[in-house]
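See structure below.
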Amino acid sequence: MSVTSPSTAPLLSIDALTVHVPEKERIGGGLGDLTLVDDLCLSIRPGERVALVGESGSGKSITARAILRLDPHLRLGGSIEWEGRELIGAPRHVIRALRGAEISMIFQDPMTALNPVLTIGEQVAEPLLVRGVSKKDAYQRAAEMLDGLRVPKAAERLKAYPGQFSGGMRQRVVMAAALIAEPKLLIADEPTTALDVRVQEQVLDLLEEQSRELNLAVLFITHDLAIVAGLAQRVAVMFRGRVVEEQPVDDLFARPQHPYTRGLIGSVPRLDADPAVRLMTVADYLQEGSAA
């Protein structure tokens, strides 16, 4: 676990964030703007690992993309501060300077996140090359990053292509490209999608290891509460575009407060459950909570 002090100033402070699809951008038309994220508040301190959890469509990825302003057609409201600097409304060159250098992002599917016609070396070294680092130094650093993420024969494999790597190895390449410029915050959006359970565990272990060694803050986005227990220190639960609960990870599992959180935890099948007893769904917990 990181030794981040509660008194440490946050790297990232999100306050009352709203994300809207303007009426003119809505597919198929529609009356008025469409709200995707509503009044979201979240902060992350140096070295802290925070999980943003919820079902597909709850607004997790949209929130992550809003931090880096990756969807210019969406309208943002509220505040996103990075080390005290407001990002909403900041000039595009300011945001571009942050991407990769101070805030990096791993996207969902390692099988499609890499360009199939570029070598591994080209893709891992790119964040340094665009910042003026020489090709020789950038490639040397790329080999070191891959070696640190336990890619066998890293220096030799810089000339390989993504199609020559397994899913787990591709995800390590994606992580290397995200970390090579030594960012302060890594946003990992469903980084274990399409990976088998054993490889998922390896990727999560690497994320935790890198966070501890580099004092790297991590915003980990997932729909699966089960995989955050060993990684996150704090969990925020999203439901219909809002954070409905936020607790330290152990407290969340021991004493979930919101019916939706209880539903996410309770709807996971257990090996010791009676197969003859119907498993409660998230909707059952929400209905039970509204009736209470």
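Following UniProt numbering, the numbering of the sequence shown begins with 1 at its first residue and continues without gaps. Even for Gly, the Cβ is constructed at its ideal location relative to N, Cα and C.
Per-residue burial, residue i [other beta carbons within 10 Å of its own, 16 or more giving buried]
i           : result
residue 197 : exposed
residue 222 : buried
residue 262 : buried
residue 208 : buried
residue 270 : exposed
residue 193 : buried
residue 58  : buried
residue 61  : buried
residue 279 : exposed
residue 189 : buried
residue 63  : buried
residue 150 : exposed
residue 56  : exposed
residue 3   : For residue 3, the predicted structure reports a pLDDT of 44, less than 50, and the residue's modelled location is therefore unreliable. A value from the coordinates is still provided. Classification of residue 3: exposed, given that the 10 Å Cβ count is below 16.
7 Å Cβ cutoff met for residue i and residue j
i           : j           : result
residue 103 : residue 231 : no
residue 120 : residue 173 : yes
residue 53  : residue 235 : yes
residue 160 : residue 142 : no
residue 95  : residue 178 : no
residue 36  : residue 241 : yes
residue 41  : residue 71  : no
residue 170 : residue 162 : yes
residue 233 : residue 49  : yes
residue 98  : residue 46  : no
Delimiting residues of the beta strand (DSSP E) encompassing residue i
i           : result
residue 78  : 75 to 82
residue 44  : 34 to 44
residue 120 : Taken as a continuous stretch (DSSP letters only), residue 120 belongs to no beta strand (DSSP E), being part of the alpha helix (DSSP H) at 120 to 129.
residue 140 : It is not in any beta strand (DSSP E) - residue 140 instead sits in the alpha helix (DSSP H) that spans 135 to 148.
residue 52  : 49 to 53
residue 228 : No beta strand (DSSP E) contains residue 228, which DSSP labels as neither H nor E.
residue 236 : 234 to 239
Extent of the continuous alpha helix (DSSP H) run through residue i
i           : result
residue 105 : No alpha helix (DSSP H) contains residue 105, which is instead part of the beta strand (DSSP E) from 103 to 106.
residue 178 : 167 to 179
Inter-residue spacing [alpha-carbon to alpha-carbon] between residue i and residue j
i           : j           : result
residue 259 : residue 289 : 5 Å
residue 28  : residue 39  : 26 Å
residue 78  : residue 18  : 6 Å
residue 129 : residue 100 : 12 Å
residue 246 : residue 155 : 43 Å
residue 284 : residue 268 : 13 Å
residue 273 : residue 68  : 43 Å
residue 216 : residue 201 : 19 Å
residue 266 : residue 282 : 8 Å
residue 20  : residue 87  : 17 Å
DSSP-derived helix/strand/coil call for residue i
i           : result
residue 90  : coil
residue 63  : helix
residue 213 : helix
residue 12  : strand
residue 182 : coil
residue 298 : Coverage of the chain is limited to positions 1 through 292, which leaves residue 298 absent and any answer about it impossible.
residue 330 : Lying outside 1 to 292, the shown extent of the chain, residue 330 is not represented and no answer is given.
residue 195 : coil
residue 72  : coil
residue 222 : strand
residue 188 : strand
residue 162 : helix
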